[in-house]
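Colleague: Numbering (our numbering), first residue to last: 3 to 449. Built from N, CA and C at the ideal position, the CB exists for glycine as well. Before we start, here is the structure in question, set down as structure tokens.
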């Protein structure tokens with residue numbers, strides 16, 4: 003865009019924040035399990051296998067949610083998909099709170115995962131499609147900001163609910179109905195994505211949305227670029243996602259999505275109590291550490307939002323991957339030697355800070371922007387299905403590995419994975435800041 007092409011920043015940030023409330027649901031369900039696990043172990047007499055499966059059942063639902071979202075988003079629009087996610091999440095939150103058996107709990111958590119999976123795919127994609135290139139990275143990172151706010155608020159609520167008796171976990175999960183209701187109300191106010199409207203042939207509606215977003219010149223330039231990129235967009239299937247012309251972008255997207263999980267940090271989020279219990283911390287200290295993690299997560303996500311459109315995507319990703327590799331080795335050594343909870347806490351928080359300003363927000367930014375317009379919905383669902391599949395494997399295996407190797411053992415493995423991730427980013431990931439989605443499409447196709 004040239005200097006005469008301006009846009010309505012207040013409006014764009016407003017609709018970005020409303021859409022990103024779906025990220026809060028993600029953060030809620032992500033964090034609530036950490037506070038609830040000490041109660042669930044007693045309630046359902048969990049062994050290591052069931053603990054891993056119960057935690058990971060969310061991810062299995064997320065996979066289904068992503069597959070549904072890709073179809074819904076491309077056929078009916080981004081907005082109906084977001085509303086569906088909110089409704090599913092609200093119902094499942096109540097269902098989990100009322101469940102009496104382990105089987106029903108897992109079924110309800112799986113259902114919650116469907117809502118989370120839909121939101122995790124549609125929120126970043128929607129924000130990317132309504133944001134001008136100059137602020138797209140920051141705006142998509144708003145989704146990660148709401149994720150970490152969801153984690154922090156949920157950890158605080160868990161901390162204060164922990165002394166409410168053996169059924170405290172029911173309140174922890176049941177309160178999820180509140181953010182899902184707020185999200186649903188907010189989505190009703192959102193405009194549909196102009197890129198989807200143009201693809202669906204609803205040109206006048208698309209122009210009205212673009213007029214709210216930017217100046218007349220912005221509308222003309224954006225509309226022309228979107229129309230050109232939509233040539234051949236009809237009747238796309240998953241086969242189109244793996245065509246030779248788009249395969250490099252898809253491989254990068256899938257690899258980054260899997261790496262974001264296999265880097266191991268979500269073990270720290272989901273199994274905080276297990277890690278700190280291994281160095282002698284009591285339940286109060288374990289739950290306090292989840293709050294500290296939430297605070298650090300929030301602060302460094304804000305730093306990432308500040309830098310993602312200035313410093314760029316690639317430098318943040320490289321620094322995060324290499325930094326995590328080093329910190330994990332030190333953390334594993336401390337856990338292996340039963341160091342004090344205070345010392346372990348320092349390196350846990352250091353790992354969280356590195357992840358929060360790199361792999362956490364930037365992976366979602368890249369996934370939302372590297373795929374061509376005509377297959378973005380389907381390609382995003384493939385990448386994010388891969389992400390949730392990797393998350394399931396990660397959280398399912400950790401209790402089993404920790405039981406066999408000790409809580410420290412898996413962190414040596416994650417350190418190696420982070421170094422391999424660093425090498426992949428260095429060789430395969432190109433900088434995307436400051437380019438429109440259509441410009442990126444041309445450059446990546448050319449590559």
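Below 8 Å, can you find three or more Cβ-Cβ pairs linking the segment 13-32 to the segment 195-202?
Modeller: With the cut-off at 8 Å, the segment 13-32 and the segment 195-202 do not touch.
Colleague: The alpha helix (DSSP H) that contains residue 203, what's its start and end?
Modeller: Numbered from its first residue, the chain shown carries residue 203 at position 201. Neither: residue 203 is in no alpha helix (DSSP H) and is coded neither H nor E.
Colleague: Might you give, ordered along the chain, the residues of its own chain that have their beta carbon closer than 8 Å to the beta carbon of residue 161, omitting 5 neighbours on each side?
Modeller: In the chain shown, the residue the question calls residue 161 occupies position 159. These residues qualify, in order along the chain: 37, 289, 290, 292, 293.
Colleague: Under the rule that 16 or more other beta-carbon atoms within 10 Å means buried, what is residue 47, buried or exposed?
Modeller: Numbered from its first residue, the chain shown carries residue 47 at position 45. Exposed is the call here.
Colleague: According to DSSP, residue 9 sits in a beta bridge with which residue or residues?
Modeller: Position 7 of the chain shown, counted from the first residue, corresponds to residue 9. The partner list for residue 9 (beta bridge, DSSP) reads 216.
Colleague: Do residue 299 and residue 168 have their C-beta atoms closer together than 8 Å?
Modeller: Stepping through the chain shown from its first residue, residue 299 is reached at position 297. Stepping through the chain shown from its first residue, residue 168 is reached at position 166. No, the pair does not count as a contact, with Cβ atoms beyond the cut-off.
Colleague: Touch check for the segment 124-138 and the segment 73-81: three-plus C-beta pairs under 8 Å?
Modeller: yes
Colleague: Would you check if the distance between the CB atom of residue 318 and the CB atom of residue 359 is smaller than 8 Å?
Modeller: Position 316 of the chain shown holds residue 318. Position 357 of the chain shown holds residue 359. It is a contact, given that the beta carbons lie within the stated cut-off.
Colleague: Less than 6 Å between C-beta atoms, sequence neighbours within five positions excluded: which residues of the same chain meet that for residue 178?
Modeller: The sequence position of residue 178 within the chain shown is 176, counting from 1. So the list reads 30, 95, once near-sequence residues are dropped.
Colleague: Out of curiosity, what's the CA-to-CA distance linking residue 264 and residue 103?
Modeller: Here residue 264 corresponds to residue number 262 of the chain shown, with the count starting at 1. Here residue 103 corresponds to residue number 101 of the chain shown, with the count starting at 1. Roughly 31 Å between the two C-alpha positions.
Colleague: When you compare only the Cα positions, how much space is there between residue 35 and residue 217?
Modeller: Your numbering for residue 35 matches position 33 in the chain shown. Your numbering for residue 217 matches position 215 in the chain shown. In a straight line, the C-alpha of residue 35 is about 46 Å away from that of residue 217.
Colleague: Helix or strand or just coil, what does DSSP make of residue 141?
Modeller: Here residue 141 refers to the residue found at position 139 of the chain shown. Helix at residue 141.
Colleague: Looking only at its own chain, which residues have a Cβ that is under 8 Å from the Cβ of residue 252, when we skip the five neighbours before and after it?
Modeller: Stepping through the chain shown from its first residue, residue 252 is reached at position 250. For residue 252, where only same-chain residues beyond five positions count, the Cβ hits under 8 Å are 243, 244, 373, 381, 384, 385.
Colleague: Please report the distance separating the alpha-carbon of residue 164 from that of residue 44.
Modeller: Along the chain shown, one-based indexing puts residue 164 at 162. Along the chain shown, one-based indexing puts residue 44 at 42. Going by the C-alpha atoms only, they are around 14 Å apart.
Colleague: Can you have a look at residue 310 and say buried or exposed, based on whether 16 or more other CB atoms are within 10 angstroms of its CB?
Modeller: Translated into the one-based positions of the chain shown, residue 310 becomes position 308. Counting the other Cβ atoms within 10 Å of the Cβ of residue 310 gives 16 or more, which makes it buried.
Colleague: Using a 10 Å radius around the Cβ and a threshold of 16 neighbouring Cβ atoms, would you call residue 206 buried or exposed?
Modeller: Residue 206 sits at position 204 when you count from the first residue of the chain shown. Residue environment analysis places residue 206 among the exposed positions, since fewer than 16 neighbouring C-beta atoms fall within 10 angstroms of its C-beta.
Colleague: Could you name the residues of the same chain whose beta carbon sits closer than 7 Å to that of residue 341, not counting the 5 residues immediately before and after it, in chain order?
Modeller: Start at 1 with the first residue of the chain shown, and residue 341 comes out as number 339. Cβ contact annotation for residue 341 (same chain, cutoff 7 Å, sequence separation greater than five): 281, in chain order.
Colleague: What residue does the alpha helix (DSSP H) around residue 371 start on, and which one ends it?
Modeller: Looking up residue 371 in the chain shown gives position 369. Here the alpha helix (DSSP H) through residue 371 covers 361-371.
Colleague: I need the straight-line Cα distance from residue 402 to residue 321, nearest angstrom please.
Modeller: Here residue 402 corresponds to residue number 400 of the chain shown, with the count starting at 1. Here residue 321 corresponds to residue number 319 of the chain shown, with the count starting at 1. When rounded, the distance between both Cα atoms is 30 Å.
Colleague: Could you have a look at residue 67 and say whether DSSP puts it in helix, strand or coil?
Modeller: Along the chain shown, read from residue 1 onward, the residue named residue 67 stands at position 65. In this structure, residue 67 counts as helix in the three-state DSSP scheme.
Colleague: From 400, 158, 23, 108, pick the residue whose C-alpha is nearest to that of residue 295; which is it?
Modeller: Here the question's residue 295 lines up with position 293 in the chain shown. For the residues 400, 158, 23, 108, the minimum Cα distance to residue 295 belongs to 158.
Colleague: How would you call residue 8, buried or exposed, if buried means at least 16 neighbouring beta carbons within 10 angstroms?
Modeller: Looking up residue 8 in the chain shown gives position 6. By the neighbour-count rule (16 or more Cβ atoms within 10 Å), residue 8 is not buried but exposed.
Colleague: Return helix, strand or coil for residue 76, following the three-state DSSP convention.
Modeller: Start at 1 with the first residue of the chain shown, and residue 76 comes out as number 74. Note: residue 76 maps to helix in three-state DSSP.
Colleague: Does the beta-carbon distance from residue 421 to residue 355 come in below 8 Å?
Modeller: Numbered from its first residue, the chain shown carries residue 421 at position 419. Numbered from its first residue, the chain shown carries residue 355 at position 353. No. Outside cutoff.
Colleague: By a C-beta neighbour count over all protein chains shown, 10 Å radius and 16 as the cutoff for buried, is residue 12 buried or exposed?
Modeller: Here residue 12 corresponds to residue number 10 of the chain shown, with the count starting at 1. That one is exposed.
Colleague: By how many angstroms is the C-alpha of residue 439 removed from the C-alpha of residue 308?
Modeller: If you number the chain shown from 1, residue 308 lands on position 306. If you number the chain shown from 1, residue 439 lands on position 437. Their Cα atoms are separated by approximately 20 Å.
Colleague: Smallest Cα separation from residue 450: which of 58, 24, 14?
Modeller: Since the first residue shown for the chain is 3 and the last is 449, residue 450 is missing from the structure and cannot be characterised.
Colleague: Would the segment 140-147 and the segment 429-443 be scored as touching if the rule is three or more Cβ pairs under 8 Å?
Modeller: no
Colleague: Just verifying my parser: in three-state terms, what is the DSSP assignment at residue 166?
Modeller: Locating residue 166 in the chain shown gives position 164, where the first residue counts as 1. Coil, per DSSP.
Colleague: Could you compute how far the alpha carbon of residue 304 sits from the alpha carbon of residue 362?
Modeller: Residue 304 sits at position 302 when you count from the first residue of the chain shown. Residue 362 sits at position 360 when you count from the first residue of the chain shown. Distance between the alpha carbons of residue 304 and residue 362 is about 12 Å.
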